[in-house]
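Okay, structure first, notes after.
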Amino acid sequence: MKSWSLVIAAATVAVAGLQPQKTSPEYVIFLSGNAQGYLSPCGCSAPMMGGTKRRATAIKRLGVTGRTLLLENGGLVKQSGRQDEIKLETFSQMHAASHGAILNVTPSEGSLGPGAILSMMRLSNNRLLSASLKGSNEIPIQPYRVDGPFLVGGLTTRADELAAQIGLTAVSLDTATKDLVDTSARLRKSLFVVLDGSREDATSLAKKFPSIALIQYRSFGSPPQKSERVGNVLLASPGDGGRSLVRLVWKADRFSSYVPIDLDPGFTDDPAASSTYKMYLRRVDEEDLLEQWARSESGKFVGTETCGKCHGESHKVWKSSKHAHALHTLEKEGHDRDPDCVECHVVGLASIYGFRSRQETPDLADVGCESCHGAGAAHSASPMQVKMGPIGEKSCMPCHKIENSPKFNFAEYWSKIRHK
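Counted from 1, the sequence shown has number 109 at position 124 by the numbering used here; the numbering is strictly sequential.
Written out as structure tokens, the structure reads:
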């Protein structure tokens, strides 16, 4: 007769063998940052890349519900006007809608003052971080955030500048990093550092503090195609302009995947992010920021149709070019009251005599003759006495910048609009 204890023991072993082995949960970490004010793709070279609406889609499509982190490394704007304040608030709202979003504060954001930082904190549901600052009751920025098995800290190599901008006390880079390292060890969390600094700064920090798991740094251009390590520390950057993300996978206490992701048209616009973005455009329009654009004295403009009365063949070339429909492309996208865009789609926005609106100054809509050749009123009045200056590649560069026209080639583009 079998012992019941032996039967039970055998059954327990058999059942245990049938049960699935426990596996470590998988976490997805997205790296973003240094958007330089680009909430939406901008440019005239297809395909246009980037934008917060596509980013939201990419994160939802490629993330893991409840186990996704978005690490944003500041650099959200590059100027300090009213439109940049609205941009910061819009970025913050979008972060509030993204699970696990964390935003490192840098002098880019600090340049707009303490009021802007407080607005960002409120609108992002307190997602702002900086271990490089001593928080206060007035501006209670936290040095780090714990999410799952991670402790994420924000740092900047420009702590003194940031502190002066918003009236707080700076913490040195080494001291702030050591505090994060010590805290992560005490809490038994893997440390991710979001660093407002260069690759060289990240490398130096990794050598000093080898227990850090990840250092995200700031860079320009596209993200590196391959991962890089200093010892056991992973160094990574998403590039700039909001054109790309880096997707990392963390499993079993280490990174198991590194993939740069270009935010191309294959990622459709996320509905919720699109709604927030439309609100941004409404605010820009309602505050009439286009009318407040800084203008200066210049020669007077006459408009492209007036130029065409004497330069008929050149006018025909212009009429069949994309320049002739430049403002319409903005109107289709709802950007025709957005100063960031309009400047390069009309004649003379920076002049007191330049474009105001399609209704008020219809002859100055679109990229016209005077966009490149300069104000033509004096030449039109006395064509033999007043000559227009020569133009060339330099005339194109104010608008065909690398940021929004990365494929610009003067010879190729000129062939499309060649005229006497």
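Even glycine gets a Cβ: it sits at the ideal position worked out from N, Cα and C.
For residue i, count the other beta carbons within 10 Å of its own beta carbon; 16 or more makes it buried, fewer makes it exposed. Which is it?
i, result
"Cys295", "exposed"
"Leu54", "buried"
"Arg39", "buried"
"Ala187", "buried"
"Asn58", "buried"
"Thr162", "buried"
"His404", "exposed"
"Glu276", "exposed"
"Thr42", "buried"
"Val179", "buried"
"Phe252", "buried"
"Gly182", "buried"
"Arg322", "buried"
"Gly138", "buried"
"Ala350", "buried"
"Gly100", "exposed"
"Gln78", "buried"
"Arg232", "buried"
"Ser400", "exposed"
"Met106", "buried"
"Gly227", "buried"
"Phe240", "buried"
"Met34", "buried"
"Asn19", "buried"
"Asp159", "exposed"
"Asp325", "buried"
"Thr(-3)", "Its pLDDT being 41, under 50, Thr(-3) is placed unreliably by the model, and nothing is read from it."
Tell whether a beta-carbon distance below 7 Å holds between residue i and residue j.
i, j, result
"Leu136", "Leu113", "no"
"Gly284", "Ala363", "yes"
"Phe15", "Leu230", "yes"
"His80", "Ser115", "no"
"Phe340", "Val352", "no"
"Asp225", "Gln68", "no"
"Ser93", "Gly66", "no"
"Gly319", "Leu266", "yes"
"Ile102", "Ile151", "yes"
"Leu165", "Tyr129", "yes"
"Leu219", "Leu199", "yes"
"Gly51", "Val13", "no"
"Ser104", "Glu74", "yes"
"Trp278", "Leu315", "no"
"Tyr82", "Ala257", "Checking the displayed sequence, the identity of residue 82 turns out to be Ala instead of Tyr. Contact: yes."
"Thr289", "Cys329", "no"
"Ser336", "Arg280", "yes"
"Val423", "Ala191", "The chain is shown only over -14 to 405; residue 423 falls outside these bounds and no answer can be derived."
"Glu11", "Lys236", "yes"
"Cys357", "Ser380", "yes"
"Ser390", "Pro223", "no"
"Phe395", "Glu378", "yes"
"Ala148", "Thr154", "yes"
"Leu376", "Ser306", "In the sequence under discussion, the amino acid at residue 376 is Ile, which differs from the Leu named in the question. Cβ atoms of Ile376 and Ser306: not closer than 7 Å."
When DSSP builds the beta bridges, which residues end up paired with residue i?
i, result
"Leu136", "Val131, Leu176"
"Lys63", "Its beta-bridge partners do not exist; DSSP assigns none."
"Ile71", "Answer by DSSP bridge pairing: none, since Ile71 is not bridged."
"Asn89", "Leu114"
"Tyr243", "Leu233"
"Glu213", "Leu220"
"Val13", "Thr53, Val234"
"Ser336", "Ser281"
"Val331", "Ala350"
"Ile124", "DSSP, once it has assigned bridges, lists no residue as partnering Ile124."
"Thr141", "Asp181"
"Lys119", "Thr154"
"Ile200", "Val178, Leu220"
Problem set entry | Within the stretch 150 to 194, ranges of the beta strand (DSSP E) (whole runs, at least 3 residues) | 175 to 181
For this session: Check whether the stretch 237 to 244 touches the stretch 27 to 39, counting contact only when three or more Cβ pairs, one atom from each stretch, lie closer than 8 Å.
Result: no
Exercise. Quick one: any contact between the stretch 341 to 361 and the stretch 273 to 284, if contact means 3 or more CB pairs under 8 Å?
Worked result: yes
Exercise. Are the stretch 201 to 218 and the stretch 118 to 126 touching, with three or more C-beta to C-beta distances below 8 Å?
Worked result: With fewer than three CB-CB distances shorter than 8 Å, the stretch 201 to 218 does not count as touching the stretch 118 to 126.
Exercise. Which runs of the alpha helix (DSSP H), 4 residues or longer, sit entirely within the stretch 339 to 388?
Worked result: 354 to 358, 362 to 366, 378 to 381
Exercise. With contact counted as at least three CB pairs below 8 Å, one residue from each stretch, are the stretch 382 to 397 and the stretch 23 to 34 in contact?
Worked result: yes
For this session: Go through the stretch 233 to 310 residue by residue and report every complete run of the alpha helix (DSSP H) that reaches 4 residues or more, in order.
Result: Correct list: 256 to 271, 289 to 293, 297 to 304.
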